[in-house]
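Asks: Mind having a look at this structure? Questions to follow.
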Amino acid sequence: VTLEPCAHTGRTGPCTQRILDAGVARVVYGVTDPNPVAAGGAEVLRDRGVDVRQDEVTLGVLASNEALRAWMHRQESGRPLVTWKYAASLDGFVAASDGTSQWITGEAAREHAHEQRELADAIIVGTGTLAADDPTLSARYADGSPRPRSPLACVMGLREVPPDAAIRTSPGGFRHLPTRDPRESLAMLPDALHVIVEGGPTVAGAFLAAGLIDRIDAYIAPIVLGGGRSVVEGADVGTLAAAHRYEVEYNEYLGQDIWIRLVPPREGEPEYAWSMYPRGQDQSDDTVPPHEN
Numbered sequence: 006v007t008l009e010p011c012a013h014t015g016r017t018g019p020c021t022q023r024i025l026d027a028g029v030a031r032v033v034y035g036v037t038d039p040n041p042v043a044a045g046g047a048e049v050l051r052d053r054g055v056d057v058r059q060d061e062v063t064l065g066v067l068a069s070n071e072a073l074r075a076w077m078h079r080q081e082s083g084r085p086l087v088t089w090k091y092a093a094s095l096d097g098f099v100a101a102s103d104g105t106s107q108w109i110t111g112e113a114a115r116e117h118a119h120e121q122r123e124l125a126d127a128i129i130v131g132t133g134t135l136a137a138d139d140p141t142l143s144a145r146y147a148d149g150s151p152r153p154r155s156p157l158a159c160v161m162g163l164r165e166v167p168p169d170a171a172i173r174t175s176p177g178g179f180r181h182l183p184t185r186d187p188r189e190s191l192a193m194l195p196d197a198l199h200v201i202v203e204g205g206p207t208v209a210g211a212f213l214a215a216g217l218i219d220r221i222d223a224y225i226a227p228i229v230l231g232g233g234r235s236v237v238e239g240a241d242v243g244t245l246a247a248a249h250r251y252e253v254e255y256n257e258y259l260g261q262d263i264w265i266r267l268v269p270p271r272e273g274e275p276e277y278a279w280s281m282y283p284r285g286q287d288q289s290d291d292t293v294p295p296h297e298n
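Residue numbers (our numbering): 6 to 298.
Okay, here's the thing in structure tokens:
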């Protein structure tokens, strides 16, 4: 089974009792239940003589499942997994001095970003990005056609969303989150497991300052702008010692651009955490994806 058999009574009885009643002699599961209310089923079954083990191969396969990772995060934290996504120049700008930003990265990076959008439940921007870009926040193919699934398109902020804003036509639906508080905005998305923050520097800074960024998807283009709109502002950092620090979980060339996935440093590795290259493993020349010119 995917998840450790539960040991509590909810809408139905505990899974452990049904397994015992059925006379099952052996149970193999992939992931330990993170919910303290439901956890402990493996121990219950072992105490009753059932052969129970956690399969490392199954765990490895399940650990690469985006939906499962997001579900596990909500079970443990009570809120969605939050990914901050941005595309920037080498010197850290998401738009040039005149406001132009289409496109900083190449087609391969943009297509990859839309693949990630398709996997998310909701995507958040601020009213500043709404006014500057008038986005739909839909998930699209390179030719502009819609992907099968798009996230719920959300605008966080107190300003009203114009009735003719393109975001209102997003195929995944639209929701205004009338708050400047990142925690309040996430509370307004009770069904979301994975949320992408694509807002401008102010929204990104608010989520960072609140400690709500669980991972970062940075798409870095080999260009230098020398000024413009920065990646983030107001992240509550006044000195180097207070910097928000992250570890590289994975990186890959996408055409001439680089996609870097980062996560906060953790002393212990959650059993469901996943990575193409596990942290601590050397990325030797024969394992790092080659740079294709």
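Every residue, glycine too, gets a C-beta built ideally from N, C-alpha and C.
Near Arg-154, which residues of its chain fall below 6 Å by C-beta distance, leaving aside the five closest residues on each side in sequence?
Replies: For Arg-154, where only same-chain residues beyond five positions count, the Cβ hits under 6 Å are Glu-123.
Asks: So who's on the other strand from Phe-212, going by DSSP bridges?
Replies: Phe-212 is not bridged to any residue.
Asks: Have a look at Leu-50 and Asp-26 and give me their C-alpha separation to the nearest angstrom.
Replies: C-alpha separation (whole angstroms): 11 Å.
Asks: List the whole-angstrom C-beta distance separating Val-130 from Val-160, where the pair is believed to meet the contact cut-off of C-beta under 8 Å.
Replies: About 6 Å separates the two Cβ atoms, so the contact holds.
Asks: Decide yes or no for the touch test of the stretch 188-198 against the stretch 103-119: beta carbon pairs closer than 8 Å, at least 3 of them.
Replies: Too few Cβ pairs lie closer than 8 Å, so no.
Asks: Taking only the alpha-carbon atoms, compute the straight-line gap between Tyr-34 and Arg-53 and give it to the nearest angstrom.
Replies: Approximately 17 Å between the Cα atoms of the pair.
Asks: Return the first residue and the last residue of the beta strand (DSSP E) that Ile-109 is part of.
Replies: First-last for Ile-109: undefined, no H or E at that position.
Asks: Pick helix, strand or coil for Cys-159, following the three-state DSSP scheme.
Replies: DSSP places Cys-159 in strand when its eight states are reduced to three.
Asks: Less than 8 Å between the beta carbons of Pro-156 and Ala-147, yes or no?
Replies: Not closer than 8 Å, so no.
Asks: DSSP three-state call for Arg-266: helix, strand or coil?
Replies: DSSP places Arg-266 in strand when its eight states are reduced to three.
Asks: Suppose you measure from the CA of Tyr-282 to the CA of Pro-167; what does that come to, to the nearest Å?
Replies: Bear in mind that the predicted position of Tyr-282 carries a pLDDT of just 34, short of 50, making it too unreliable to give a figure here.
Asks: Determine the extent of the alpha helix (DSSP H) in which Ala-72 is found, giving its start and end residues.
Replies: Segment 71-82, the alpha helix (DSSP H) holding Ala-72.
Asks: With H, G and I counted as helix, E and B as strand and the rest as coil, what does DSSP make of Gly-178?
Replies: Gly-178 falls in the coil class under three-state DSSP.
Asks: With respect to the alpha helix (DSSP H) encompassing Arg-220, which residues constitute its N-terminal and C-terminal limits?
Replies: From DSSP, Arg-220 is part of no alpha helix (DSSP H) but of the beta strand (DSSP E) over 220-225.
Asks: Is it a yes or a no for the stretch 204-212 touching the stretch 173-183, going by three-plus beta-carbon pairs under 8 Å?
Replies: They do not touch, by the three-pair rule.
Asks: Can the beta-carbon of Gly-233 be found closer than 8 Å to that of Phe-98?
Replies: Yes, they are a contact pair.
Asks: Tell me, please, which residues DSSP counts as bridged to Val-87.
Replies: Answer is Val-200, bridged to Val-87.
Asks: Leaving out five residues on either side along the sequence, give the residues of the same chain with a beta carbon under 7 Å from the beta carbon of Ser-175.
Replies: For Ser-175, where only same-chain residues beyond five positions count, the Cβ hits under 7 Å are Thr-141, Leu-142, Ser-143, Ser-155, Ala-158.
Asks: Take Ile-228 and list the residues in its own chain whose beta-carbon comes closer than 6 Å to its own, dropping the five residues that flank it on each side.
Replies: Taken in chain order, the residues that qualify are Ser-94.
Asks: Which stretch, first to last residue, makes up the alpha helix (DSSP H) that contains Ala-192?
Replies: Unbroken alpha helix (DSSP H) run through Ala-192: 187-192.
Asks: Can you tell me which of the three DSSP states Arg-53 falls into?
Replies: In the structure shown, Arg-53 sits in coil (DSSP, three-state: anything other than H, G, I, E or B).
Asks: Taking the C-alpha atoms as reference points, what is the distance between Ala-137 and His-119?
Replies: Each residue's Cα considered, the two are about 20 Å apart.
Asks: Opposite Ile-128 in the DSSP bridges: which residues?
Replies: Ala-158, Ile-201.
Asks: In whole angstroms, what separates the C-alpha of Tyr-258 from that of Tyr-91?
Replies: Tyr-258 and Tyr-91: Cα-Cα distance of roughly 16 Å.
Asks: Out of Asp-38, Thr-88, His-249, state which residue places its alpha-carbon closest to the alpha-carbon of Gln-121.
Replies: Looking at the Cα atoms, Thr-88 is the closest of the given residues.
Asks: Alpha carbon to alpha carbon, how far is Pro-85 from Gly-28?
Replies: Near 38 Å, if we compare the C-alpha coordinates of Gly-28 and Pro-85.
Asks: When DSSP builds the beta bridges, which residues end up paired with Tyr-258?
Replies: In DSSP, Tyr-258 forms a bridge with Ile-263.
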